[in-house]
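Have a look at the structure below before the remarks.
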Amino acid sequence: WQAVASARLQKEELQRLAEEKVATQAYMSESRQAAGAALQAVGDNLHLLGWERRNSGQPELALPLYAAALAIYESVLGPCHPQAASTIVNLGNALFDLGRHAEAAELYRRSLTIDEEALGDDHPDVAMDLSNLGIVYRNMGHTLQAIALFERAFELLARALGEEHPSTLTVARNLSKLLALPESQNDTRDDSRDDFRNEFSAFSARGYDSRGLTPRELAEEVTMALDEETYVQAEVPDKVVGAHLLREHVAEARAAAGSQAESTRY
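This is how it looks when you write it as structure tokens:
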């Protein structure tokens with residue numbers, strides 16, 4: 001009987017240890033989830049602060065806030081999460097405001113890659129990524145590339161949201177403005193406009209607006225057609241970019257804040 005009692009006690013002890021292990025694992029899992037949620041809330045606040053800075057006309061101060069939020073989202077949600085893509089777009093918007101168009105274009109392309117993989121190639125967010133890239137290429141003077149991107153963005157938005165949706169109408173206006181270029185206000189016979197149409201027809205014939213291309217493939221094709229002297233690819237890691245950009249933009253923000261302080265001294 002002593003041996004039986006001893007075995008029973010050992011069994012009960014093993015069962016107790018197993019239950020404690022399960023409880024500990026559950027506690028640790030809940031703690032990690034709570035920590036992740038708290039950290040994500042910090043990221044949300046940083047994102048909001050970045051938005052406020054940019055909308056108050058301080059894009060240089062928005063950059064490190066967006067970059068910090070991105071580093072958190074990449075850590076908590078993963079580098080290919082749509083929330084990371086949204087923050088990358090806002091980083092690109094701030095860079096665009098500062099006239100750093102090539103860097104903005106690189107981030108818009110990165111966001112497009114994430115959204116297409118996460119949401120599918122017919123999602124409205126993918127269309128807006130194409131539109132953002134079209135806007136920056138338009139401002140860089142790459143009209144044909146911008147048209148190809150706007151056309152695909154309009155097609156996707158019209159199908160997903162309808163032709164009367166505000167986003168669809170915005171892309172349509174951007175597209176129509178480019179299709180009307182170049183215009184002459186003083187000459188009704190505009191040979192340059194005919195030349196532009198011929199050039200656009202040749203551009204389209206090369207397949208850049210082919211329906212067989214995914215949005216990301218389209219963006220890659222039109223980017224490859226750019227003049228290398230006017231397009232510089234940003235040197236950032238392939239996936240996790242938040243920490244890299246944070247180091248870069250914190251230094252820039254400190255310099256900007258320092259120069260603003262100097263300008264306010266008497």
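Per my numbering, the very first residue in the sequence shown carries number 1; after that it's consecutive. Cβ coordinates follow ideal geometry from the N, Cα and C atoms, glycine included. Here the structure is a predicted model, which is why all the values come from computation and not from measurement.
Tell me which same chain residues have a C-beta within less than 6 Å of the C-beta of residue i, skipping the five on either side of it?
| i | result |
| --- | --- |
| R216 | L112, T113 and E116 |
| S131 | A153 and V171 |
| L268 | Because the chain here runs from 1 to 266, residue 268 falls outside it and cannot be looked at. |
| L39 | I72 and V76 |
| G78 | none |
Let's see if you can read the secondary structure: which residues bound the alpha helix (DSSP H) around residue i?
| i | result |
| --- | --- |
| P79 | Here P79 belongs to no alpha helix (DSSP H), and DSSP marks it neither H nor E. |
| G134 | P124 to N139 |
| R152 | T143 to L161 |
| A180 | Careful: A180 lies outside any alpha helix (DSSP H) and carries neither H nor E. |
| E220 | P215 to M224 |
| E106 | H101 to L119 |
Spell out whether any CB of chain B is found under 7 Å from the CB atom of residue i.
| i | result |
| --- | --- |
| L179 | Absent from the structure: chain B. Only one protein chain is present. |
Can you give me the C-alpha to C-alpha distance between residue i and residue j, rounded to a whole angstrom?
| i | j | result |
| --- | --- | --- |
| M140 | L226 | 10 Å |
| A71 | S6 | 55 Å |
| I147 | L175 | 6 Å |
| L149 | I135 | 9 Å |
| S56 | G50 | 10 Å |
| A35 | G212 | 44 Å |
| E20 | E12 | 12 Å |
| R53 | D129 | 22 Å |
| Q2 | L9 | 11 Å |
| V42 | A18 | 36 Å |
| L279 | N93 | Here the chain covers residues 1 to 266 and nothing more, so residue 279 does not appear. |
| V4 | D44 | 60 Å |
Using CA coordinates, which residue listed in the options is at the minimum distance from residue i?
| i | options | result |
| --- | --- | --- |
| D122 | Q145, L161 and M224 | L161 |
| V126 | L17, L14, T214 and A26 | T214 |
| A37 | V76, E20 and R16 | V76 |
| R138 | E30, E163, A102 and A34 | A102 |
| L218 | A118, A3 and E151 | E151 |
| N90 | L107, E164 and A118 | L107 |
| L133 | E221, E164 and H165 | E221 |
Under 8 Å Cβ to Cβ from residue i, same chain only, skipping five residues before and after it: list those, please.
| i | result |
| --- | --- |
| T223 | A105, R109, Q145 and Y231 |
| P124 | L156, L157, A160, L161 and S167 |
| G120 | V126 |
| A118 | C80, H81, P82 and A85 |
Which class does residue i belong to by DSSP, given the choice of helix, strand or coil?
| i | result |
| --- | --- |
| L61 | helix |
| H165 | coil |
| L70 | helix |
| S56 | coil |
| G92 | helix |
| W1 | coil |
| L39 | helix |
| E12 | helix |
| L46 | helix |
For residue i, which residues of its own chain have a beta-carbon under 7 Å away from its beta-carbon, when the five flanking residues on both sides are left out?
| i | result |
| --- | --- |
| T143 | L178 and L181 |
| T87 | H47, Y66, A69, L70 and Y73 |
| H165 | L157 |
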